[in-house]
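Here this note's numbering is used: the sequence shown runs in plain steps of one and ends on residue 767.
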Amino acid sequence: MGLHYLGIIKCNFIENWYKYYGGILAKDSNRNNNFSIPQQYKQTIKEIANLPDNLSGSQIETALQQMRDIQYKIVGDLSNELQVAVDGPKSANRPNTAILNTCRVIGGYQPVAWLSGRDKSRNPQVYRTHPLESRNYSPIDRMIGVANEKWSESPLIARPVHQFRDFFPSVENPTLTGIAGEIKETYNDYLKRARTLTDLKSEHPELIEPHIEVTSATSHKKIYLTRLERFGGLESGLLATDKPLTLDLKLVHNQIDREIPNTLLAVATLNIDGQSVQQPVGAIALSSVEQHNLKAGRTLIQASAITRPGITDGRIEGIYKQLDEYVDMVRQQHPINERRELAAALWHNAHTRDEYQTKKALLAFKLFPDEVIQQLSKLQFTELKVVGLHFPTNEYGNKQWRGEEADCEIALHSIPDKSGQLEEKRVIKVENKVLAPLTNESPAMAIGTKFKASILAEPSSGVIATTPKGNTLKIGQIKNFAYREHSWQGEEAKINIALVNNGQRRAIPLVTLDGNALGVLDKESEIKLKERNLLSAKGLTLVARLSNTPSTTAQIIVKPETVLYPWQQRELEQQMEAKRGVYRQQYEAYTSDILRNSSLVGVSRHLIDVEVARLAYADTGDSHEVATILSQSDQVRQWRASVPNALSWDEYVNQAKEYVRYVQSAAVERSNQVSFER
């Protein structure tokens with residue numbers, strides 16, 4: 090950064106500051122604003138506010154030093170008030186709000202952007218979706234600036250957890266499955282204890298000291314009694330830690346200990362040496378008073394009370410340390426050859442149906458990281474599933490896929506939802522044509538990923554019955570009945586349709602063939618027959634041709650070794666671009682040699698390319714090398730530049746291949762002719 094530029098920054102910085110202080114002085118002189126600048130700041134603020142527009146170098150440095158002096162005084166005042174706040178639990182003193190407000194106003198010439206930009210939510214987005222804002226020049230701002238320069242938004246897209254259920258193969262060993270369940274329960278117990286204490290400490294800051302947890306016998310709500318050491322309950326032994334007892338409590342105004350901020354005390358009726366004694370046992374935590382709107386005079390009869398140790402950071406860290414020790418113990422207990430299968434059992438235990446397939450499998454990562462990394466070394470999700478082959482968006486129509494291998498790609502495409510509204514969904518493209526969207530449960534790779542895969546349509550879920558007059562009836566649920574394995578190709582059959590009571594609320598229109606159930610008539614076809622009074626318990630017999638309805642779903646079996654992710658494609662394209670540059674140079678060198686022959690000046694492109702090919706054949710003798718050089722000819726490059734406006738990619742490729750083959754053939758013929766003439 091140049092000295093001149095640095096001077097401009099300093100000057101602008103001071104200009105903003107003296108304008109701000111001019112406003113503060115105006116506030117100070119206005120008695121209605123109820124604001125007064127303390128004397129220790131006023132003189133320096135006046136000097137800064139009265140600075141001229143054009144500052145000399147010495148004036149700039151003097152002003153900066155004055156600003157440092159002001160900041161130093163602010164830090165001193167705030168330090169004093171911070172100490173008062175820290176002493177709050179054992180003192181009645183509170184920070185002076187007037188001083189805090191003065192420091193805020195005097196030091197607020199330029200807001201601290203990174204303070205307001207902090208994200209305190211459970212799922213913070215700072216440095217996930219955006220960097221932390223910084224507009225000042227403090228050491229923290231400088232660190233933020235370095236971090237922001239390095240930051241870039243993650244290209245990773247979060248996917249539903251259940252899509253990763255098959256990351257590990259299923260485990261058939263019931264012993265390991267049982268062990269996995271026990272490990273998960275123990276692990277979750279540790280986590281629950283630590284997180285419960287963390288939440289309690291955050292909600293009730295006073296619980297950092299020993300306290301009594303009181304549970305109402307009627308509402309079962311909890312309140313907390315604090316400052317126990319000030320009322321002698323701990324020393325007396327009446328309130329043993331973690332030993333439950335029953336108390337009658339009354340809430341009273343705090344008239345005893347004015348040094349604590351708590352306004353309510355809990356007075357217990359205790360039996361001491363056979364006598365009933367009213368004894369204050371603790372102060373009601375400020376957070377409990379606010380949470381339950383507690384008032385003096387309230388009583389808690391036969392309330393459950395238990396004394397708890399203070400919730401300190403060390404106590405919480407101790408639980409996490411125990412958790413880490415437990416994890417290490419489990420890892421050491423199981424031999425290396427057993428760990429991968431146990432990791433798989435833990436993984437599937439966290440993705441069971443009774444957990445709605447939403448639980449995260451953190452435990453498998455924590456216990457067996459090496460096994461998880463090994464599992465990540467190769468593509469695990471090789472089976473994708475599409476649904477909606479019957480949608481009009483399927484550019485292959487009613488084609489029945491029977492395991493054919495094809496080039497596929499993950500893409501985004503507009504698919505109508507149930508209401509007919511178009512929605513962008515991940516789809517499988519086959520040979521650049523849309524097949525169908527991926528199911529919500531299917532694993533999904535990055536948009537633009539290309540691979541080879543076998544496509545196998547799943548068995549049809551229905552049958553179409555067509556009468557001799559051309560009327561059609563649709564029969565569903567065939568997978569539940571006798572002909573689930575049969576493929577119907579238009580055979581003629583005599584079917585019977587009758588209303589049958591299935592033990593539920595309504596009779597179903599069951600379709601039978603030769604006494605065996607074929608399926609259930611769909612709703613629309615059922616309505617058609619009822620409108621004509623043709624559907625009854627007696628049944629309707631008719632002759633019809635039976636054909637399977639088109640499949641609606643298909644399995645996409647990916648060949649892992651063929652997967653090319655978008656970033657890999659970009660790397661390959663960069664490599665190919667470099668190679669194209671080399672071959673273009675060769676093409677131009679041959680062209681330059683050819684055009685030195687005056688008889689060839691002005692001839693057509695394809696004649697020049699024939700000569701290029703002839704010379705390249707003479708040099709290399711390799712038809713593939715010649716074809717690659719010709720791919721950088723003026724003609725082929727012109728066609729490529731017209732994609733996708735005038736030509737599609739496939740049209741360009743086919744046209745270029747045909748042209749190169751023609752030129753190569755003509756070059757060979759030309760070479761043979763020259764040899765013959767010699």
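Glycine included, every Cβ here is placed at the ideal spot set by N, Cα and C. In this text the structure is predicted, and so the values were computed from the model without any measurement.
When ALA187, ASP176, GLY196, VAL303 are compared, the shortest CA-CA separation from TYR161 is found for GLY196.
Taking a 10 Å sphere around the C-beta of PRO369, we find 16 or more other C-beta atoms and assign the residue as buried.
Distance from the CA atom of LEU336 to the CA atom of GLY363, rounded to whole angstroms, is 16 Å. Given a length threshold of 4 residues, each whole run of the alpha helix (DSSP H) inside the stretch 456-510 is given here in chain order: 458-465.
Taking all protein chains shown into account, ASP506 has fewer than 16 neighbouring C-beta atoms within 10 Å of its C-beta and is therefore exposed. Sequence-distant partners of THR191 (beyond 5 residues in either direction) whose C-beta falls short of 7 Å from its own C-beta, in its chain, are PRO127. Counting along the chain, the unbroken alpha helix (DSSP H) around ILE616 starts and ends at 612-620.
Distances from the CA of HIS437 to each of ASP417, GLN148, LEU265 were compared; the closest alpha carbon is that of LEU265. Per DSSP, the continuous alpha helix (DSSP H) segment holding ASP682 begins and ends at 655-684. Taking a contact to require three or more Cβ pairs closer than 8 Å, the stretch 403-413 and the stretch 279-293 qualify as touching. Beta-bridge pairing by DSSP links ILE544 to GLU493, ILE645.
The residues VAL173, in chain order, have a CB closer than 6 Å to that of ASN182 in the same chain once the five nearest residues on each side in sequence are set aside. Distance between ARG595 and ILE504, taken at the CA atoms: about 35 Å. Here the alpha carbons of GLU238 and LEU144 stand approximately 32 Å from one another. Separation of GLY206 and TYR226 (C-alpha to C-alpha, rounded to the nearest whole angstrom) is 16 Å. A residue is called buried when at least 16 other Cβ atoms come within 10 angstroms of its Cβ; TRP577 meets this threshold and is buried. For LEU629 against LEU635, the beta-carbon gap comes to about 16 Å, at or over 8 Å, which does not count as contact. By a beta-carbon distance limit of 8 Å, VAL752 contacts VAL699. Their separation comes to about 6 Å. Secondary structure at ASN569: helix, using DSSP grouped into helix, strand and coil. Bridge partners of GLY371 according to DSSP: ALA355. With the rule of 3 Cβ pairs closer than 8 Å, the stretch 254-272 does not count as touching the stretch 366-384. Relative to the Cα of ILE395, the nearest Cα in the group GLU460, ALA643, LEU317 belongs to LEU317.
Short of 8 Å from the beta carbon of LEU501, and not among the five residues preceding or following it, lie these beta carbons of its own chain, in chain order: GLU513, LYS514, ARG515, VAL516, ILE536.
In this structure, the straight-line span from the alpha carbon of PHE102 to that of PRO244 is close to 37 Å. When the Cα atoms are used, ARG284 and LEU412 turn out to be separated by approximately 12 Å.
Sequence-distant partners of LYS339 (beyond 5 residues in either direction) whose C-beta falls short of 6 Å from its own C-beta, in its chain, are VAL356, THR388. Comparing alpha-carbon positions, the option among TYR409, VAL194, PHE124 lying closest to TYR109 turns out to be VAL194. Around PHE540, the same chain offers CYS497, VAL647, THR651, VAL652 as residues with beta carbons nearer than 6 Å, after the five sequence neighbours per side are excluded. With a 10 Å radius around the Cβ and a threshold of 16 neighbouring Cβ atoms, GLY551 comes out buried.
The same chain holds no residue with a CB closer than 7 Å to that of GLU271 once the five nearest residues on each side in sequence are set aside.
Scanning its chain for C-beta atoms nearer than 7 Å, with the 5 sequence neighbours on each side dropped, one finds around VAL476 the residues ALA525, PRO526, THR528, THR641, THR642, in chain order.
Secondary-structure assignment with DSSP links LEU635 through a beta bridge to ALA554, GLU580.
In the DSSP assignment, the residues bridged to GLN364 are ILE361.
If you look at GLN391, you'll find it in the beta strand (DSSP E) that goes 388-397.
Here VAL690 has LEU684 as same chain residues with Cβ atoms under 8 Å from its own Cβ, once five neighbours each way along the sequence are excluded. Residue pairing by DSSP places HIS309 opposite no residue, since no beta bridge is assigned to it.
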